[in-house]
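Enquirer: Chains as they are written, first to last, in this note's numbering: chain A, 121 to 457; chain Z, 121 to 457; chain H, 121 to 457; chain V, 121 to 457.
Think of the CB as a built atom: it goes at the ideal place given N, C-alpha and C, for glycine as much as any other residue.
Small disclaimer: the values here were computed from a predicted structure and weren't measured.
Let me give you the structure first, and then I'll get to my questions.
Number of protein chains: 4
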Amino acid sequence: MIIVMKPSATKEDIDKVIAKVKQNGLDINLSKGAETTIVGVIGNKKKIANLQMNMMRGVEKTVRITEKYKLVSRNFHPEDTVVDVDGVKIGGKDIVVMAGPCSVESEKQLDTAAEAVAKAGAKFLRGGAFKPRTSPYDFQGLAEDGLKMMRKSADKFGLKVVTEIVDKDDIDLIGAYADLFQVGARNMQNFQMLKALGKQQKPVLLKRGLSATISEWLNAAEYIVSGGNSNVILCERGIRTYETFTRNTLDLSAVAAVKELSHLPIIVDPSHGTGRWQMVAPMSRAAIAAGCDGLIIEVHPHPESALSDGDQSLTPKKFGQIMEELRKIAEVMGRKI
Amino acid sequence: MIIVMKPSATKEDIDKVIAKVKQNGLDINLSKGAETTIVGVIGNKKKIANLQMNMMRGVEKTVRITEKYKLVSRNFHPEDTVVDVDGVKIGGKDIVVMAGPCSVESEKQLDTAAEAVAKAGAKFLRGGAFKPRTSPYDFQGLAEDGLKMMRKSADKFGLKVVTEIVDKDDIDLIGAYADLFQVGARNMQNFQMLKALGKQQKPVLLKRGLSATISEWLNAAEYIVSGGNSNVILCERGIRTYETFTRNTLDLSAVAAVKELSHLPIIVDPSHGTGRWQMVAPMSRAAIAAGCDGLIIEVHPHPESALSDGDQSLTPKKFGQIMEELRKIAEVMGRKI
Amino acid sequence: MIIVMKPSATKEDIDKVIAKVKQNGLDINLSKGAETTIVGVIGNKKKIANLQMNMMRGVEKTVRITEKYKLVSRNFHPEDTVVDVDGVKIGGKDIVVMAGPCSVESEKQLDTAAEAVAKAGAKFLRGGAFKPRTSPYDFQGLAEDGLKMMRKSADKFGLKVVTEIVDKDDIDLIGAYADLFQVGARNMQNFQMLKALGKQQKPVLLKRGLSATISEWLNAAEYIVSGGNSNVILCERGIRTYETFTRNTLDLSAVAAVKELSHLPIIVDPSHGTGRWQMVAPMSRAAIAAGCDGLIIEVHPHPESALSDGDQSLTPKKFGQIMEELRKIAEVMGRKI
Amino acid sequence: MIIVMKPSATKEDIDKVIAKVKQNGLDINLSKGAETTIVGVIGNKKKIANLQMNMMRGVEKTVRITEKYKLVSRNFHPEDTVVDVDGVKIGGKDIVVMAGPCSVESEKQLDTAAEAVAKAGAKFLRGGAFKPRTSPYDFQGLAEDGLKMMRKSADKFGLKVVTEIVDKDDIDLIGAYADLFQVGARNMQNFQMLKALGKQQKPVLLKRGLSATISEWLNAAEYIVSGGNSNVILCERGIRTYETFTRNTLDLSAVAAVKELSHLPIIVDPSHGTGRWQMVAPMSRAAIAAGCDGLIIEVHPHPESALSDGDQSLTPKKFGQIMEELRKIAEVMGRKI
């Protein structure tokens, strides 16, 4: 931590600041410039994290220098992490595609979607059985019935299952059917659920919060990893901005940022990230070109009659065409789908 | 819902759109302008909510016209709601102040704070026993020990207790000690917890999410009220913007907006809303002048050694001075503290 | 400036960083922590401003410590500045209200508005003769004809004139009619115009940019003051956020921030700041309670037929009522209208 | 325009709304739903644009249905526009790369940069002679001397010149040296300059404003095109969000949006868009994969001693490597560099 003193700070003010830092078992480094004196704080990270200096007389501001996350940081773990989801590796050479409907609606819907996406090269069936919806009057999902259908369809077509968890009490229930837990944007800082997911070993797909900084997102991942589960995959899904043409603003620079700051794999959700099916193809291509490790895409046999998010879902046919394009971009990137 | 057709849409495109709306049991109103044809959709709100039209040929965009929330809307309940928290009324003539430390740290800390804030006119003791922290390495709260201390200090000085709940499984535990559940910004869309809080009768203070629209916030309140608990108080606590001088941007126009759109009471948190103790006085005055029903303010006997959020906490002395200023503003507003 | 080295930085990396800083005529202060080495840069502010270090090997990031603005900073000019606009003092004890229509439309419109606002206690007539409009097809203003009408109406009712300038070539033209130049949000970083306004002495009302940080806003003011014109008044007018219920999010904490960081007076525009006439009263009261030095409010004799921004304009009658409320808040603040 | 009435609106309220619409020479379409009555307004676009209805009794809100821009809209001009800049075509099959330093500093700097970028395949030399800088104390550019150097270096290596204009009075001066005017983000709504650029025929590169919506950006382009100059190229350069790791958030979905909404070509600036040289390669690849028509990239012979924006500049060597990668992505997209 850096403590910046006001130009008007007196020697006494500075001495008191130094004294307080030392009382907290920390050391200081004093730097006097022409106008401003700066007190650098050295020592134990936790002690520094809890140091409160802004209300002392003469203090202009304090600046935190280091990030709080550690286990997920590339600084302390330079090699890429590859997460193995029941045999499918994410974060390695392969670009892994997860696809399926927003909500599970029926066996027939799922089978049609699963068959098509498997044929096109997807490795995971996605689908929501527990839906976090803005209004209590929106469709809330089929719960366990939906999980059963997903497992059945996925097995029939050789796919893994990824589905959202919205309640830590459902870990066992969902874990019995799914291969990968998805934590949605609204729950990125549901710390109780993150802690619970950290105490088991099934992999977790952690979506970025609606307006989470990359630092907060990596700290959320740290909750899971520090609990003991290092099988975490990040997912960029668009952030909230003032723009209204798209549902969210898909932040592909987050892919490059995460690759720099962390060793965890990262995938991209162009369907929620834009909210417009017309944009799924260009944003999927761009995501791979930016260096992501996978995609999660909404595909629905009949988007126009979907119970949720039909506006951003692709037909199986369109999805198949897009996969062809994506294969070529992946190849240029030295990877494969 | 309004369906806006493209200028290039053919008669066939429009006919198909109309046919689909009717197949969904809804009626239409056709409006042909010079360039654009608009199809208005009339009928059952739930059916409209689930209608997916954007992927049909010739459709430019769809516009949702009505809000999904109903029970919390002033349109359907014009009179102000007054929430009674064990005898203290929020939303009526009185402006209710809640004050205390960010985190409960010790009995002595709480007693000092409680005595001071009670003397200055606060009606509630606030304090966190379960803390949702960005990093797993930050102080996470004293849990039940903290709750016990709060209840004891509050009772000693005639205060009510408000404290945060971060896990729906803690409803009984926290309910045994607190008079008012606080749902924090990070949990505003923890729908499982909202549903659980809707099934019991203790009042709930619902903070606005870090980047929640007013509409989403009122929909979150609808989750609680539609579950059967109409004792909901809203709390504006700052939203996330690009500005970095303040921790958040306190949106006081949300007070006026909520008063227009809803009948629920609303209070303001100037401490988290700004993250700077220097701004608590001006923003508290402004909040009352804007028409809020109460304030929740951080007060710590020794802010400079607080375990969390010391930068935004007031000393008891400063808090007392501010309360004097606030009384005068309240009086001008025809209210009292 | 603080240069934060990566944990993996070698001694050689650090030595090269130090060597480069010194080559630029600057001094360093080295601070070695457990994980991180920090290089503090000391010396001439301008040299530091132009130092580029992020691309050197081993550098994690650089942090700028001090603001670039100086003349507008309270650090170097602790007393409040009071700007005298032809006898009306802004920034002193009085709270100055400016009111009138968004666009100048006709003599009759202006006279009706001017008479009403003068009677209610406003000191300035506001009105746009040159309008910066999002679309080229929107009404662009009456230009010099509008200026003439404003001057005439203002003189008739003893008011000063404030009006927007959108082109540096219009300084003489507008200056011949107006008492106060208004720089709108879209031109806050039109640096050529700011420089030109700095070379003359007529006071300038500088609105905050649509998404300007407080720091950028004060730097924009520095352009004018460093040119030689210290008669600058700031105006908060709402910032752009994701919220759509209001046109902008009025940031009243900016009032408190500016009072802390700068000695310049600051007024508030609740009409553009919210875009809803219903919110003008509560936000005006709140602005005064937050400590602003004045208000600029849209008043139109017939808002429902205004050529621009009618949705946020008050009728003269409503304006008169609000002024009564504002007087009481001002009194509590030890000020008067 | 759609006028949504409140559920509480009386027949009289609705009749008055209808009467006012008709008085304005417009027609209506009435749609009565279960709870809400909606009044659709039909007729002349300009008249509708100036209609003010929100302050009438019983009106809940108004919703604008159609965009105000027309000439730049794909609805009215379905084929792609190809802009010819002195023989180099932008918006056709070729992906055009513009590269060079942020600021022009010296002949040697420019020659080194120009030679390298020409060799690597760039078609334009970029560089700033007039710099819009946040602080008046930052380097403001070499003005005409800089323009001369650019022209000379560009000619030597067969490149076109693109450079920023910050003052409409400089059109002739800059036009004498440059092939393409660049309008920067801060001037996207400097409408006087846009109008002036619309009255001449040299092509204009219009950057998106720091927090401009896509709609506002296209309306800004409409200012130029409606003035008579249809040679407009758009440039996405990152928008302002709450994220602080990157300088801006590069919005690649804007590429897809512009391609859908408009026929104008669009290029991407990954250097300003991210502010980090490490991100230029992945974001350039992603931009091409998203479908852009070109790139503008900062390249400086010695980024670590650049007078501005060195942190986001590439060395010539690194630029050459990136161009190789970009060629392969372009090829997959059926295009070439």
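1) Give the straight-line distance between the Cα atoms of VAL183(H) and ASP204(H), rounded to the nearest whole angstrom.
2) Am I right that LEU325(V) and ILE353(V) are in contact with their C-beta atoms under 8 Å? What's the rounded C-beta distance?
3) For VAL452(A) versus LYS448(V), is the C-beta spacing smaller than 8 Å?
4) Quick check on PHE439(Z): does DSSP put it in helix, strand or coil?
5) Within 10 Å of its beta-carbon, does ALA274(H) have 16 or more other beta-carbons around it, so buried, or fewer, so exposed?
6) Would TYR343(A) count as contacting chain Z if we go by Cβ distances under 8 Å?
7) What's the call for PRO458(A), buried or exposed, on a 16-neighbour Cβ count within 10 Å?
8) Is GLY430(Z) helix, strand or coil when you go by DSSP?
9) Under 8 Å between beta-carbons, which chain V residues line up against SER468(H)? List them in chain order, please.
10) Strictly by DSSP, which residues pair up with GLY160(A)?
11) Could you name the residues of the same chain whose beta carbon sits closer than 7 Å to that of ALA240(V), not counting the 5 residues immediately before and after it, in chain order?
12) Along the chain, where does the beta strand (DSSP E) containing ALA219(H) start, and where does it finish?
13) Near ALA298(H), which residues of its chain fall below 6 Å by C-beta distance, leaving aside the five closest residues on each side in sequence?
14) Note down the Cα distance separating ARG194(Z) from LYS140(Z), rounded to an integer number of angstroms.
15) Output yes if chain Z places a C-beta closer than 8 Å to the C-beta of SER350(A); else output no.
16) Below 8 Å, can you find three or more Cβ-Cβ pairs linking the region 150-163 of chain H to the region 147-167 of chain A?
17) In whole angstroms, give me the CA-to-CA distance for GLN63(A) and SER425(H).
18) In the DSSP assignment, what residue or residues form a beta bridge with LYS181(H)?
19) With a cut-off of 8 Å, does the C-beta of ILE285(A) fall near any C-beta of chain H?
20) For VAL263(H) and GLU336(V), I'd like the C-alpha separation in whole angstroms.
21) For GLN302(V), does the three-state DSSP call read helix, strand or coil?
22) Compute the Euclidean distance between the alpha carbons of ASP429(H) and PRO423(V), then round it to the nearest angstrom.
23) Between which two residues does the alpha helix (DSSP H) carrying ILE285(Z) extend?
24) From this set, ALA129(V), SER331(V), LEU279(V) and ILE294(V), which residue's C-alpha is nearest VAL208(V)'s C-alpha?
25) Would you call the region 358-374 of chain A in contact with the region 348-363 of chain V, where contact means no fewer than 3 C-beta pairs closer than 8 Å?
26) Within the same chain, show all residues whose beta-carbon is closer than 7 Å to that of ALA238(H), passing over the 5 residues directly before and after it, in chain order.
27) Would you kindly work out how many angstroms separate the C-alpha atoms of LYS136(Z) and VAL179(Z), rounded to a whole number?
28) Applying the criterion that 16 or more other CB atoms from any shown protein chain within 10 Å of the CB defines a buried residue, is LYS190(Z) buried or exposed?
29) Thinking C-alpha only, which one of LYS228(V), HIS392(V), ALA406(V) and ILE134(V) is nearest ARG177(V)?
30) Given that a residue counts as buried once 16 or more other Cβ atoms are within 10 Å of its Cβ, and exposed if not, what is SER128(H)?
31) Using the Cα positions of ALA305(A) and ASN349(H), report the straight-line distance between them to the nearest angstrom.
32) Pick out whichever of ALA332(A), LEU300(A), PHE301(A) and ASP431(A) has its Cα sitting closest to the Cα of GLN309(A).
33) Return the residues of the region 122-138 of chain H that lie within a Cβ-Cβ distance of less than 9 Å from chain A, sorted by chain order.
34) Out of GLY414(Z), ILE334(Z), LEU415(Z) and ALA406(Z), point me to the one whose CA is closest to LEU381(Z)'s CA.
35) Select from LYS243(A), GLU418(A) and ALA296(A) the residue whose C-alpha is nearest the C-alpha of LEU267(A).
36) Tell me the residue span of the alpha helix (DSSP H) that contains ARG271(H).
Expert: Working from what's here:
1) The residue labelled residue 183(H) in the question sits at position 63 within the third sequence. The residue labelled residue 204(H) in the question sits at position 84 within the third sequence. If I take the Cα positions, the gap works out to 39 Å.
2) Against the fourth sequence, residue 325(V) aligns to sequence position 205. Against the fourth sequence, residue 353(V) aligns to sequence position 233. Confirmed, about 5 Å.
3) For the purposes of this step, residue 452(A) is taken as residue 332 along the first sequence, with counting starting at 1. For the purposes of this step, residue 448(V) is taken as residue 328 along the fourth sequence, with counting starting at 1. Contact: yes.
4) In the second sequence, the residue the question calls residue 439(Z) occupies position 319. Three-state result, PHE439(Z): helix.
5) Working through the third sequence from its first residue, we reach residue 274(H) at position 154. It counts as buried.
6) Taking the first residue of the first sequence as 1, we reach residue 343(A) at position 223. Judged by the 8 Å Cβ criterion, TYR343(A) is in contact with chain Z.
7) Past the edges of chain A, shown from 121 to 457, lies residue 458(A), and the structure says nothing about it.
8) The count along the second sequence starts at 1 and reaches residue 430(Z) at position 310. Helix at GLY430(Z).
9) The shown model of chain H, from 121 to 457, leaves out residue 468(H), and the question about it has no answer.
10) Here residue 160(A) refers to the residue found at position 40 of the first sequence. DSSP output for GLY160(A) lists ILE122(A) and ASN149(A) as bridge partner(s).
11) Translated into the one-based positions of the fourth sequence, residue 240(V) becomes position 120. Excluding positions up to five away in sequence, the list reads PHE439, GLY440 and MET443.
12) Taking the first residue of the third sequence as 1, we reach residue 219(H) at position 99. 216-220 is the span of the beta strand (DSSP E), which, as asked, contains ALA219(H).
13) For this step, residue 298(H) is matched to residue 178 along the third sequence. Hits under 6 Å: VAL281 and THR283.
14) As a first step, residue 194(Z) must be located in the second sequence, where it is residue number 74. As a first step, residue 140(Z) must be located in the second sequence, where it is residue number 20. One C-alpha to the other measures close to 33 Å.
15) For the purposes of this step, residue 350(A) is taken as residue 230 along the first sequence, with counting starting at 1. Chain Z contact via Cβ: absent.
16) yes
17) The question about residue 63(A) has no answer, for chain A in this structure spans 121 to 457.
18) Here residue 181(H) is taken as the residue at index 61 of the third sequence, counted from 1. Partner(s): VAL124(H).
19) Within the first sequence, numbered from 1, the residue matching residue 285(A) stands at position 165. For ILE285(A), the answer is no, since every Cβ of chain H falls outside 8 Å of its Cβ.
20) Position 143 of the third sequence holds residue 263(H). Position 216 of the fourth sequence holds residue 336(V). Per the sequence shown, residue 263(H) should be read as Ala rather than Val. Spanning the two alpha carbons is a distance of roughly 24 Å.
21) Counting from 1 along the fourth sequence, the entry for residue 302(V) is found at position 182. The answer is strand: DSSP assigns GLN302(V) an E or B state.
22) Taking the first residue of the third sequence as 1, we reach residue 429(H) at position 309. Taking the first residue of the fourth sequence as 1, we reach residue 423(V) at position 303. Between ASP429(H) and PRO423(V), the C-alpha separation is close to 47 Å.
23) As a working note, residue 285(Z) is residue 165 in the second sequence. Careful: ILE285(Z) lies outside any alpha helix (DSSP H) and carries neither H nor E.
24) Translated into the one-based positions of the fourth sequence, residue 208(V) becomes position 88. Measuring from the Cα of VAL208(V), the nearest candidate turns out to be LEU279(V).
25) yes
26) One-based indexing of the third sequence puts residue 238(H) at position 118. Within the same chain, ALA238(H) has close Cβ partners PHE277, GLY278 and LEU279.
27) On the second sequence, residue 136(Z) is found 16 positions in, with the first residue counted as 1. On the second sequence, residue 179(Z) is found 59 positions in, with the first residue counted as 1. Rounded to whole angstroms, LYS136(Z) to VAL179(Z) spans 11 Å at the Cα level.
28) Here the question's residue 190(Z) lines up with position 70 in the second sequence. The residue is buried, with at least 16 neighbouring Cβ atoms inside 10 Å.
29) Taking the fourth sequence and counting its residues from 1, the one referred to as residue 177(V) is at position 57. Measuring from the Cα of ARG177(V), the nearest candidate turns out to be ILE134(V).
30) The sequence position of residue 128(H) within the third sequence is 8, counting from 1. It is exposed - the Cβ of SER128(H) has fewer than 16 other Cβ atoms within 10 Å.
31) Position 185 of the first sequence, counted from the start, is the residue given in the question as residue 305(A). Position 229 of the third sequence, counted from the start, is the residue given in the question as residue 349(H). So the two alpha carbons sit approximately 49 Å from each other.
32) Counting from 1 along the first sequence, the entry for residue 309(A) is found at position 189. GLN309(A) has its Cα closest to that of ALA332(A), out of ALA332(A), LEU300(A), PHE301(A) and ASP431(A).
33) ILE122, VAL124, LYS126, PRO127 and SER128
34) Against the second sequence, residue 381(Z) aligns to sequence position 261. When each option's Cα is compared against that of LEU381(Z), the closest is ILE334(Z).
35) Taking the first sequence and counting its residues from 1, one reaches residue 267(A) at position 147. Checked all of LYS243(A), GLU418(A) and ALA296(A); the closest Cα to LEU267(A) is ALA296(A).
36) The residue labelled residue 271(H) in the question sits at position 151 within the third sequence. Segment 264-276, the alpha helix (DSSP H) holding ARG271(H).
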